[in-house]
Structures are given as structure tokens and as C-alpha cells.
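Have a look at the structure below before the remarks.
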Amino acid sequence: MADPAAAARWRDREKAGRRGVGTATLALVLAGASLRAQMQYRANFVILVVMGLVYQLTGFVFLWVILSRFEAIAGWSLGEVAFLYGLRLLAHGVYGLLFNAIQRISRMTRRGELDRYLVRPLPLLVQVLVERVHVAGIGDLIGGGLLFLAAQALVGIDWSPAALAYLALAVAGGCLVEAALRLAINSLAFRFLELGSLSFLVDNLIGNFGNYPLRIYGAAGQFLLTFVLPVAFVAYFPATVLLGRVGELSVHPALAYGAPLVGILLFLLAHRLWRGEIRHYQSAGH
Amino acid sequence: MWMRTCITYRFSWSLDMLGLLLQIYTLKMIWTAVYAGRDQVDGVPLDGLIAQLTFANLLLWVMYPMLAGYLEERVREGTLALELARPAPFLGQMVAAQIGDTAAGLPLVVVALPLAYLLGGLLPPASPAAGLLFAVSLGLAYAIVVMTGLVIGLVSFWTTEVGGVMTIHAFVSRFFAGALVPLSFFPPWLGTIAGLLPFQAQASIPLALYLGRADGLESVRLLATQLFWVVALLGLARVLWRLALRRVVVYGG
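So the protein sequences, as listed, match chains S and C. Counting from 10, one number per residue, gives the positions in the first sequence under our numbering. Counting from 2, one number per residue, gives the positions in the second sequence under our numbering.
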């Protein structure tokens, strides 16, 4: 370190390090770098966002065509179904943006690619999450946002501060439910290596069941989608709360009001599982 | 040979089938809720509707055009040269791979059929003649599906990525083929668009013949529509292929 200026800079950085640059700051810097890296391929970036948007909205066209011919699905009007659909997409968009990289863990484990993260001074999960920001998630967010805005105007919701706060919590909770499911599955990858297909199945289940009023599945279906695969907490329960439809639920309304809390709880549980399973990581070749 | 490659991935096939069955079950639940106790709407009975949608989804699942993905992979990884050097036309090789892929999936239909019947519903053909017309129409529908896949795959010569296009195609084709909402329930303007697209010829037409919804002259018209699309898409694929080949040469310097 012959250059005194460089040495000074080094000392500053050391000091900053000792003061402890927060994990959050580091994570933000890394995520920003990833986003900038992907923006370099501007055309591809735009295509990915637009694709995400088109893909999510085409699913809604199906419901729209049905409801333009029939007035309701299980008593839910077009506006209400769109509200539920939009809410699900918003939660999914936030999930995609923040947590999509969870799905890469099982493949990285199989290939032994996690080693390099283990030697860096940031929690493994955070590193994996910020390394590649999922750009298509932005398309989901825009699509979900547009649909949600239109839907809430259609059903004419009275947005009290409490309702707005609940909405924010519900989106966060829905995103955490999805993240928890993915994290739990990928945690098991340390032991079982190949779980990509299970992850795909859960994807399919949430995408298939999450968008409709769960009443259409009958009591047994509702039970499964609440207590076995907690899809109901992603958007259906919060939507019944905001639309004043908790009366139709076959579970206690408190469960619907508490949906955001369930999201947090499930994520904490999944994270616990992750901490436990991570000890089973063996680099590839063992 | 391709058939064997595909059978090896039995597990992903069975998951794929699970996705199909979930889709069928969801459709049944949605339409049951939409009908809300009515026996029929516009002369379409609920059980007939569910049988039709189940069958359409099964058909499109069996005929899924994997070859778009094969083509893309070859373009992206440059292994195309190998196939080009073989003494058989390249597009023919891709079509052969597709046929092998479909053939590999056929044993699974034996498993999928009863499950689809339980979760959704199925009906026998309206008459032996309807069954025969359906068989002819199904052959043409398969040709249309394969040609569509070929066209999508060829687009990868310009974009190198068709994953997103394929996902959107999977939905758009199902939707306009009438596998989610019967075309008769479309708003008129959307129905007109559907009539101008090749997708209705992939499932809606074979099904109309199967259910005996078309009389003599109408059935001829439907088969002619399918034939038109086979020829038109084949032509489009050939034009794209000629243009694409020029690009391959450019890549090689």
C-alpha cells in the first residue's frame, strides 16, 4: 500500500466495516447492482417486463370473458373477482421481485455453487436473493397494480386508513406466504438435492387456485387450501376482509383478518427450517 | 430415438399431467359455480360443457408442440450444425422429434383419461360417423399444432429466446381453441377474432365434429378450414426457414 491516499481510503473502509455497514445496506447495494446489470440489456429488460405483464393479464381475460356472459362466479361480481385477482398479482409481484431467487437454491445446491456464498460476510439467504433480481416481477407488479386499481374503483371500496394499512399488510403477508412455501421446499434441497419439480408443482397450485373465490371448491377444497397448502392466506382471505365478505367463509373470520400475521408466522417457520437444513449442505461431489 | 429420450423424463411428464388434471378440476369448479344450479345456458348443458372442456384440454396436452423448444435450444447452443449436416431435411428431423415426443406421451393418456373423467367429465362420440370425422379432423389438428410449434421455434433464429413466447402461446392457444371458455360463449367480436385464428382448428373443430354439432356440409367446411391452416402454416414455416438459413450462414462468417 504505497499510495498514502489509497491507504487512507482503505482505513476509512475498514472503519466503516467495523462500525458495521448494515446487512440491509449491503443487500440494497447488491440488488441495485443486479438490476443495473440487467438493465444493460435494455431490450431484453423491456421484453421481460412486458412478457410478465402480458402473461399475467391473459389469465384474467379468461375470467373477464366468463363474467361478461354470466354475471357472477359464486356470487362474486366481475369487480370483486378482479379485486381478488389483482391482489394476488400484487402479492405475487412483490414476491417475485424480492424472493424469486429462492427457486434457484435447489439447483445451486445440486451444482455445488453455494460454496462461494458461504465464505462471504452476509447471510447466505440474503446473498442468493439479491444476486439476481427477478425483472419479470416488475411486470407482475404493474399488471396487478393496474388491475387492482380498476377493480377497487368498480367495487367502490371505502378506503379508510385502517383498510389501507390492512391492504399493505395483506400484500406483504401474501408475498411472505409464497416465499415461505418456496423457502421450505428449497430448504429440503440440501438433503434431497432434486426438488425443482416440487417447486414447480407448488407454483402451479398457487397459480391455479389462488385467483378464484375459494368457495367454488366446496368445504373440503377450502379446508385443504387453508390448512394443507395455505393458498387462502395469499389473497382470498384478505380480499374477503376488504370486500366485506367474511360472512361466506367456512372458517372463523379472525383467521381471515389475521392473514398477514399468518404470512409472517409461516415465513418465520420456513426460515427456521432453512437454518436447520442448511447444516446438511454438502458441496457437490460428496 | 427421441421417444426413448422423452420416456426417460417420465417424472416430469407425470407432474405435467398433474398440472393438466388440476386445470381440468379448476375449470369444472369454476363452471359449476358460474352455472349456479342452472341445468343449461343457451342450450349448453353443464355436463356437456365440462366434458367438452376436459376433452379439449386433454387434446391440447397430448399434442403439445415441444419442437418449438427443441429448435430454440439448437439455435441458442449452436448444435444446429450437427443436424444440418445430417442427410435429412432439418425441419423434417424436428417434426420427427415432435412425433416421437407425442408417441412417448401416449401411454400416459391411458392414465390421464380415467382421471380426467373423474375430475372433469367425458362423453362418447355422437355417432360412429362422428367418431370417424373426428379422427380425420384430429390428424389435421395435430398437423396444425406441429406447424405452429415450428413457426414459433423458427422465430428463435431472430430472438434466440422463445420461452416467454411459448408460455404466452400455451395460454393464448388454449383460450382461442375454446378449451377454457367454449367459443359460443365468447362476445361476438372476440368470437370473430377466434374464427380468424388457427387455434380454433386445433381443438374446437375436432370437438364439434366429435359431438356431432356439424351436419354434412358444415363438417366439410370445418375440415376445409383445417386444411387451409395446415397449408398456410406450412408455407409460413418454409418461408421463415429459408430466411433463417441465410442468417445461419451469416453467423458462420
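Ideal placement from N, C-alpha and C gives every residue a C-beta, glycine not left out.
Closer than 9 angstroms at the beta carbon, the chain S residues around C:Leu25:
This sequence places Ile at residue 25 of chain C; Leu is not what is there. Those do not exist, as C:Ile25 stays about 10 angstroms from chain S at its closest Cβ, beyond 9 angstroms.
What residue range is occupied by the uninterrupted alpha helix (DSSP H) comprising S:Trp85?
Annotation: S:Trp85 is outside any alpha helix (DSSP H) and is labelled neither H nor E by DSSP.
Along the stretch 74 to 86 of chain S, what residues have a CB closer than 7 angstroms to any CB found in chain C?
The residues in question are Val74, Ile75, Ser77, Arg78, Phe79, Ile82, Ala83.
Sequence ranges, alpha helix (DSSP H) only - wholly within the stretch 32 to 68 of chain S, length at least 4:
32 to 48
S:Val139 and S:Ala263 closer than 8 angstroms at C-beta
Not closer than 8 angstroms, so no.
Please confirm if C:Phe158 has its CB atom under 8 angstroms from at least one CB of chain S.
Interface criterion not met: the Cβ of C:Phe158 is under 8 angstroms from no Cβ in chain S.
Are the Cβ atoms of C:Gly122 and C:Thr55 separated by less than 8 angstroms?
A contact, by the Cβ cut-off of 8 angstroms.
Within 8 angstroms, strictly: CB atoms of S:Phe199 and S:Ile287
A contact, by the Cβ cut-off of 8 angstroms.
Unbroken alpha helix (DSSP H) run spanning C:Ser138, endpoints
129 to 160
List the residues of chain S whose Cβ lies closer than 9 angstroms to the Cβ of C:Ile169, in chain order.
Those are Met60, Val63, Tyr64, Thr67, listed as they occur along chain S.
Could you check which residue in C:Gln53, C:Pro207, C:Ala233 has the C-alpha nearest to that of C:Ile25?
Nearest neighbour of C:Ile25 by Cα position, chosen from C:Gln53, C:Pro207, C:Ala233, turns out to be C:Gln53.
Measuring only between beta-carbons, confirm whether C:Ile31 sits less than 8 angstroms from chain S.
Taking a beta-carbon distance threshold of 8 angstroms, C:Ile31 counts as an interface residue toward chain S.
Residues that DSSP places opposite C:Pro183 in a beta bridge
Answer is none; C:Pro183 lacks a bridge partner.
What residues from the stretch 188 to 201 of chain S come within 7 angstroms of chain C, judged by C-beta to C-beta, listed N to C?
So the list is empty, because no residue satisfies the distance condition.
Should the stretch 92 to 106 of chain S be called in touch with the stretch 143 to 151 of chain S, which here means at least 3 C-beta pairs below 8 angstroms?
The stretch 92 to 106 of chain S is in contact with the stretch 143 to 151 of chain S.
Backbone CA spacing between C:Trp230 and C:Leu197 [nearest angstrom]
10 angstroms
Using CA atoms only, rank isn't needed, just tell me which of C:Leu134, C:Thr103, C:Glu74 is closest to C:Ile206.
C:Leu134
Are the beta-carbon atoms of S:Ala91 and S:Leu163 separated by less than 8 angstroms?
Between S:Ala91 and S:Leu163, the gap from beta carbon to beta carbon is short of 8 angstroms.
Quick one: Cα of C:Met18 to Cα of S:Asn213, how far?
Each residue's alpha carbon lies about 12 angstroms from the other.
If contact means a Cβ-Cβ distance below 7 angstroms, which residues of the stretch 174 to 190 of chain C contact chain S?
Phe176, Leu181, Val182, Phe186, Phe187, Pro188
CB-CB under 8 angstroms to S:Ile82, same chain, minus the five flanking residues each way: which ones, in chain order?
Leu72, Ile75, Leu76, Val90, Tyr221, Pro222, Ile225
For my contact list, C:Val146 and C:Met64 are in at a C-beta cut-off of 8 angstroms; report their separation, rounded to the angstrom.
4 angstroms
For C:Arg175, count neighbouring Cβ atoms within 10 angstroms of its own Cβ and tell me buried if that reaches 16, exposed if not.
buried
Pull the bridge partners of C:Gln41 from the DSSP assignment, please.
Residue pairing of C:Gln41 in beta bridges, as defined by DSSP: C:Pro46.
May I have a chain-ordered list of the alpha helix (DSSP H) segments no shorter than 4 residues that lie completely inside the stretch 60 to 111 of chain C?
Assignment of alpha helix (DSSP H) within the stretch 60 to 111 of chain C, counting only whole runs of 4 or more residues, yields 68 to 78, 81 to 86 in chain order.
Under the three-state DSSP convention, the category S:Gly216 falls into:
helix
Simplified DSSP assignment, three categories, for C:Val221:
helix
Same chain, Cβ closer than 7 angstroms to C:Val152, five either side skipped, listed in chain order
Leu234, Leu237, Ala238, Leu241
At which residues does the alpha helix (DSSP H) containing S:His280 begin and terminate?
First-last of the alpha helix (DSSP H) with S:His280: 268 to 286.
Name the chain C residues that come within less than 7 angstroms of S:Phe209, Cβ to Cβ?
Chain C residues near S:Phe209: Leu16.
For C:Leu81, which residues in the same chain have their Cβ closer than 6 angstroms to its Cβ, ignoring the five residues on either side in sequence?
Arg75
Please confirm whether S:Tyr221 has its beta-carbon closer than 8 angstroms to some beta-carbon of chain C.
yes
Top-ranked residue by Cα proximity to C:Leu61, from C:Thr160, C:Asp43, C:Leu181, C:Ala98
Cα-wise, what sits closest to C:Leu61 is C:Leu181.
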